[in-house]
């Protein structure tokens, strides 16, 4: 879990350097946001901030699973969230594993 605020970018980069994989959680209403793009770059582009000491500071691009969250909100749009992944996250190739089973105009519950 990484904070969304830009002030935490250094901590995000340090965390990514020791991970084996990542789950990228996206809002179904907003899709990819600015800080999501920053975290994506940290995950996919090797870092070379090791100071040249051989102790490593770089990392291989991380395998990533994206989760589109908040699908219960009335203004959610799964298709739009997937499209923002394609458009804004360089090198991403999103493949849906599970699709929502309701239409946008249908109520989510029938009370």
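Residue numbers (the numbering used here): 72 to 182. Backbone N, C-alpha and C fix where the C-beta goes; we use that ideal spot for every residue, glycine too.
Please state the DSSP three-state secondary structure of residue i.
i: residue 164; result: coil
i: residue 121; result: Per-residue confidence for residue 121 stands at a pLDDT of 46, beneath the threshold of 50, marking its modelled position as unreliable; the derived number appears in the next sentence. DSSP places residue 121 in coil when its eight states are reduced to three.
Using beta-carbon positions only, say whether residue i and residue j come within less than 9 angstroms of one another.
i: residue 166; j: residue 111; result: no
i: residue 95; j: residue 152; result: no
i: residue 89; j: residue 130; result: yes
i: residue 109; j: residue 86; result: no
Cα-Cα, which of the options is closest to residue i?
i: residue 115; options: 164, 171, 169, 172; result: 164
i: residue 104; options: 157, 169, 170, 134; result: 157
i: residue 134; options: 92, 154, 107; result: 92
i: residue 188; options: 79, 171, 132, 81; result: Outside the displayed range of the chain (72 to 182) lies residue 188, so it cannot be described from this structure.
i: residue 107; options: 159, 154, 142; result: 159
### Message
With three or more C-beta pairs closer than 8 angstroms as the rule, is the region 142-162 touching the region 89-101?
### Response
A contact exists between the region 89-101 and the region 142-162.
### Query
Can you list the alpha helix (DSSP H) stretches of 4 or more residues lying completely in the region 78-109, in chain order?
The alpha helix (DSSP H) runs lying completely inside the region 78-109 and spanning 4 residues or more are 80-87, given in chain order.
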